[in-house]
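Below is one structure, written out as C-alpha cells; comments come after it.
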Amino acid sequence: MDILAVGILGGVSYGFVLFLIATGLSLVLGLMGIVNVSHGALFMTGAYMGLTVAKLTGSLIIGILAGAILAGIVSLIIERLFLCQLYKQELEQILVTFGFVYIITNLHLWIYGAWPKSAFVPSILSGSMTIGRFGFPVHRLAVIMMGGALCVGLWWLQEKTKIGARIRAGMDDAEMVSGLGINLRPINIGAFCLGAILAGFAGVVGAPVLGGVNLNTGTDIFFVAIAVCIVGGVGSVQGALVGAVLIGIATTLVSTYFPVLAMFVMYILMVLILIFKPSGLLGRK
Amino acid sequence: MDVLKVENLSQSYGGLQILNGLSFRLDTGEKVALIGPNGAGKTTLLNVLTGLIPPKAGRVYLLGHDVTKLPPHTRVSIGLARSFQISSLFPRLSLLTNVLLAIQGIQTTRYQMIRPIRAYKNNLSKARELLELVGLWGEKDFPITALSHGQQRHVEIILALASKPRLLLLDEPSAGLTSVESDHLVDMIHNLVGETTVLLSAHDMDLVSKLANRIMVLYYGQIIAEGNPKEIQADQKVREIYLGIQAQGRERKCLS
Amino acid sequence: MTPMKKRVIHFTPAIIIIAFLIIGPLFIGTALVSLLTKILIFALMAMSLDIAFGYTGLWSFGHAALFGVAAYTNGILIKHYSITSFWLAAPAGILMAIVASAIFGLIALRVSGIYFLLITFALGQLIYSIAIKWIKMTGGSDGLGGIPYPDLGFSLSPISFYYFTLVILSIGALVLYLVVKSPFGYGLQGIRENEIRMRTLGYNIWLHKYIAFLTSGLFGGVAGILYIHFNGVITPGSVGMGASGLAIIMIIIGGSGTLWGAMIGSGTLFILEYFISMVTPERWPAILGACFVATVSFARGGILLKLINLWNKWNHDGRTEG
C-alpha cells in the first residue's frame, strides 16, 4: 500500500512538472495555432541558467527567477525577430522554432559543456518524510504544492480575468476577436513568453524530480509535453493538468513495477486517445 | 424522378437554429433559386447538401440514394457538384491543372501513378473545351493568382461543371462581380447548364429571374415562400422581409 | 535563338550536375566519393519525404523512423539471423518500412495539420525509444555495427558502391518523378493547395494521403537500406528527431515540393558541413540551425528557387527572344 502511495505522490510531482511545461505549449498551440518546438530547449535554458545561479548564490528563488527570465527573454527574441515576420504562416513559424532547437542546444553545449547538471535543493527542502516503509522527498512535496498553486493561479487567470477571456475567445475565433477591435498580437506574444517563462521555471524546480538535467533533457521532456497535450486536450489549463497528472502517475507507477516499459506508457496513452477521442480528454473540439 | 429530395432538414450551431425542418424536392432539369437575407442559412444548406457538415436531423436523397451520412466525394461520384461563394481554387497550380483536377475527380484516372497527366488526351481536350468556353485557353499555364477576380469566378464555375454533374449547386455565383461581369456570367451559366438540375443561392433578383424557373425564399431556416419569379416578387410576406430589413438597415445607419 | 537552343540552355545546369555525378568520382579521392555517396543517399531520403511533406502538405516530422526501420531490419537480419544476401535482406527491410508506414498512417491520419505533425513526431520518437531499449535486437545505444557492403554475389569497393547507390537513386528519382507528374501526383498537390475543394471534386483525400504516406515510407526505406550499408552501422540517432529534422531541413533549404530541391538540399547541407567541420566542427549544429531559420524566414522557396530565378535572369538579360 505504501509503495502505491509513494508511487502516486511521485507521479503527481512529476505530473506537475509536466503540467508547467505543457501549459505553455498548449496555450501557444490553441492561441497561435503553432507548436513551439523550442519549448523543450527553453526548459533546458531555464534549468541550466537557474541551477548555475542557484548554486552560485545559494538561493533557489534567485535561481528560479534567473532561469525563468532568461527563458522568457530567449522566447521574446524568437518571437519579435522571426515569428512576427511570418504572420499567418504556421508551418514556417513551427520550422523557425525547430531551427532554434539546434541553435539553443548547441550554444548550451558551448557554454556549459557536455556534463549533466545536477539539481539544486535548498536545505529546508532536503530530507524526506516517511510513508510506511518508504521515505518521500520533501522537495517533491514542495513541487506538488507550488505546482498546485500555479495551477490554481493559471486557472483563475483563464476563467476569471479579462485577459483570460480574451485568450479563450482568441482560441475560439481569432477573426471575430480582432473584428471586435481587440488586438490579439500582444496577447499572442504574451502567451508565447508566458509559456517560455513557465518552462524555464519548471526547469529549475523540476530538476530534482527529473534527477538532474543534461543536453537531452529538453528534447525528452518536449515529447512528454506533446503527449500531455494530445492526451489532455489543447487550449485549457484543465486539459494540460489532466493530461499531465495522468501521464505522470501512469509513468511513475509503471516504472516502479515494469521499469523497461515506463518509456512507452505515454505513447500507449496517446495512441488510445487518438483512436477513441482524437481531440483529447478535455479537448475543445 | 427527384434529383434531390430533402426531408425535415435541421441544423444548429450552439444554440442557434440555422435550418428548421426543411423539406423540398428538385425535379430533373429544374433550375431553382434559393434567396433570402444574409444569415438565413443558404450557405449552410448548401454545405449540408454537399456533405461538408452533417445535419442534426433530417435526410438528404440524391438521385434516389440516401446520402445523409455520406462524405462529399461519394456524393460527387453519384452526380453532385458545387461551386463556392468565395472562389475556392488551387492558387499555386496552373489554370490547366486546376481544370484537369476537376475533370479527373470522378475518374479512376485520378489513381494513376505512372503515366504523366498530360498523356491523357481525352481529359486534355475536355479541359480545352471548358477553358475555351470562358476564353481562357491562352492563359492555361498561368497560376491562378495571375487571373482577375472575374476570371477566377468563371473558373470557379467551370470547375463545378467539369464532372458533368446531374445536380449542380451554385453558391452566390456572381459574388463580388460588377454588374457587367455578372451579366456575362449569367449568360455563360445559362448556355452551359442545359439539362442539368441546378440549385443556386443568390441575392440578385435580376440574376435569379434570368436563371431560375422556381424560387424558394429561405428565412431563418425555413422556406416561407415558393413559386416562380413573378409570384415571389408579388408575395406579401417576401416584401415584408425585404422591406423590413431595408428599414432596419436605414435605422442602423441613422444610429451609427 | 531557336527553341532547341533555349531548351539546351534551360537544362544545362542539370546536365552538368548529372555529368559530374557520373564521371566525377573517377577523379576525386575516396573521401570525396564517400561524401558524394552520403549526399545521394540522403537526397533519396529527402525526396521520399518531399512526396508527403512538400507535395501533399503532410507535416510529417517522423520520417527518419521509417528510414530507420528498414535499416534496422536489414541489420538485424544480417547480424542476428545471418541472412546476408542483399536480395533477401533488403526487400525485407523495405517491407518493414512499408508496414511501419501503414500503421503510422492509420494512426496519424486520423487528424491533420499540426496534430498530424505532433503525432508523427511522437511516433518517430517511439521508434527511437524502441531502438534504444530493445538492446537484444537493436544493440541499444551502440546500435548494430559491422555491416559490410551489400552481398550482391560480387564484392564492392567504395567506388563501385557509389555507382550502385547512383543507380538506385536514379531509379528511385525516376519513379518518384513519374508519380509526381501523374494524375495522382497532381491530386496530391491539389490536396495541399485546397483540401476542401478536392473533396467536393470527388477525391477521397484520406486515401490519397495514405497512399502518399506509404510511397514516402517505401522510398525512405530504400534510402535506409543504402545507408546502413554505407555507414556500416545503424544507431538510434539515425532514427529520431535529429535525423527526421535533417530531412526536413534538406527539403526546405533546397526547395520543398520539387524533387531537385531535395537533391540540392542534401548536397548543400553535407558540403557545408564538410567545410565548416574543418574549421569548427562543434559549432556545426548551431550554424545549421541558423541557416535553416534564415532560409525559412527570408528565402522560403529555398536555394532551388533562387538559382532558377538567377539562371532565368542571366539568360534573358541582353539576349534577343528568338
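Top to bottom, those sequences are chains W, C and G. The C-terminal position of the first sequence is numbered 322 in the numbering used here, with every residue numbered one higher than the one before it. The C-terminal position of the second sequence is numbered 482 in the numbering used here, with every residue numbered one higher than the one before it. The C-terminal position of the third sequence is numbered 1496 in the numbering used here, with every residue numbered one higher than the one before it. Positions of the beta carbon are idealized from the N, C-alpha and C atoms, including for glycine.
- For the 9 Å CB-CB criterion, K1253 (chain G) and G1298 (chain G) do not form a contact.
- Contact between the stretch 1204-1213 of chain G and the stretch 1317-1336 of chain G is present, with at least three C-beta pairs closer than 8 Å.
- Counted as a single uninterrupted DSSP element, the beta strand (DSSP E) harbouring M442 (chain C) occupies residues 440-445.
- Beta-bridge analysis with DSSP links I168 (chain W) to W:F171.
- Scanning its chain for C-beta atoms nearer than 7 Å, with the 5 sequence neighbours on each side dropped, one finds around L1388 (chain G) the residues I1272, S1275, A1276, G1279, in chain order.
- Non-local beta-carbon contacts of S1259 (chain G) in its own chain, meaning distances under 8 Å to residues more than five positions away in sequence, involve D1325 in chain order.
- Under the Cβ criterion of 9 Å, M339 (chain C) is counted among the residues facing chain G.
- For T1230 (chain G), no CB of chain C lies under 9 Å from its own CB, so it is not counted at the interface with that chain.
- If one requires a minimum length of 4 residues, the alpha helix (DSSP H) runs lying completely within the stretch 295-321 of chain W are 302-313, in chain order.
- Neighbours of T335 (chain C) across chain G, judged by C-beta separation under 7 Å: P1357.
- Cβ proximity to chain G below 9 Å picks out nothing from the stretch 81-108 of chain W.
- Around the beta carbon of Y294 (chain W), a 10 Å sphere encloses fewer than 16 other beta carbons of the protein chains shown; the residue is thus reported as exposed.
- Taking 8 Å as the upper bound for CB-CB distance, G83 (chain W) and G184 (chain W) are not in contact here, some 15 Å apart.
- In the DSSP assignment, T334 (chain C) falls outside any alpha helix (DSSP H), carrying neither H nor E.
- The Cβ atoms of L1462 (chain G) and I1408 (chain G) do not sit closer than 9 Å to each other.
- Pairing D397 (chain C) with A428 (chain C), the inter-Cα distance amounts to about 7 Å.
- Comparing C-alpha distances from M182 (chain W) to each of W:A264, W:V302, W:F56 shows the shortest one belongs to W:F56.
- DSSP places L1330 (chain G) in no alpha helix (DSSP H); its state is neither H nor E.
- Listed along the chain, the chain W residues whose CB falls inside 8 Å of the CB of I1426 (chain G) are L132.
- Nearest neighbour of H1382 (chain G) by Cα position, chosen from G:R1366, G:N1405, G:Y1289, turns out to be G:R1366.
- Taking the C-beta atoms as reference points, I370 (chain C) is found no nearer than 9 Å to R336 (chain C).
- Listed along the chain, the chain G residues whose CB falls inside 7 Å of the CB of P315 (chain W) are R1284, V1285.
- Flagged as an interface residue toward chain G: Y139 (chain W), by a C-beta distance shorter than 9 Å.
- Its chain contains I1183 as the residues whose beta carbon lies nearer than 7 Å to that of N1489 (chain G), once the 5 sequence neighbours on both sides are disregarded; these appear in chain order.
- For the stretch 1419-1446 of chain G, the set of residues with a beta-carbon nearer than 7 Å to any beta-carbon of chain W comprises G1419, I1426, in chain order.
- For T276 (chain C), the chain G residues whose C-beta falls within less than 7 Å of its own C-beta are T1374, listed in chain order.
- Within chain W, the residues I140 have their CB atoms less than 7 Å from the CB of A1464 (chain G), given in chain order.
- The three-state reading of DSSP puts N324 (chain C) in helix, counting H, G and I together.
- Per the DSSP secondary-structure output, A451 (chain C) pairs in a beta bridge with C:V443.
- Membership of D39 (chain W) in the alpha helix (DSSP H) is indicated by the continuous run 39-69.
- Uninterrupted beta strand (DSSP E) stretches at least 3 residues long and entirely within the stretch 159-235 of chain W occur at 165-168, 171-174, given in chain order.
- Contact between V434 (chain C) and I329 (chain C) does not hold, since the beta-carbon distance rounds to 29 Å and is not under 8 Å.
- Inclusion of A1296 (chain G) and G1394 (chain G) in the CB contact set at 9 Å is not warranted, their separation being larger than that value.
- A1274 (chain G) sits in a helix when the DSSP states are folded into three classes.
- Partner residues in the beta bridge of K257 (chain C), as assigned by DSSP, are C:V424.
- Of the candidates W:G169, W:I161, W:L187, W:I161 places its Cα closest to the Cα of V175 (chain W).
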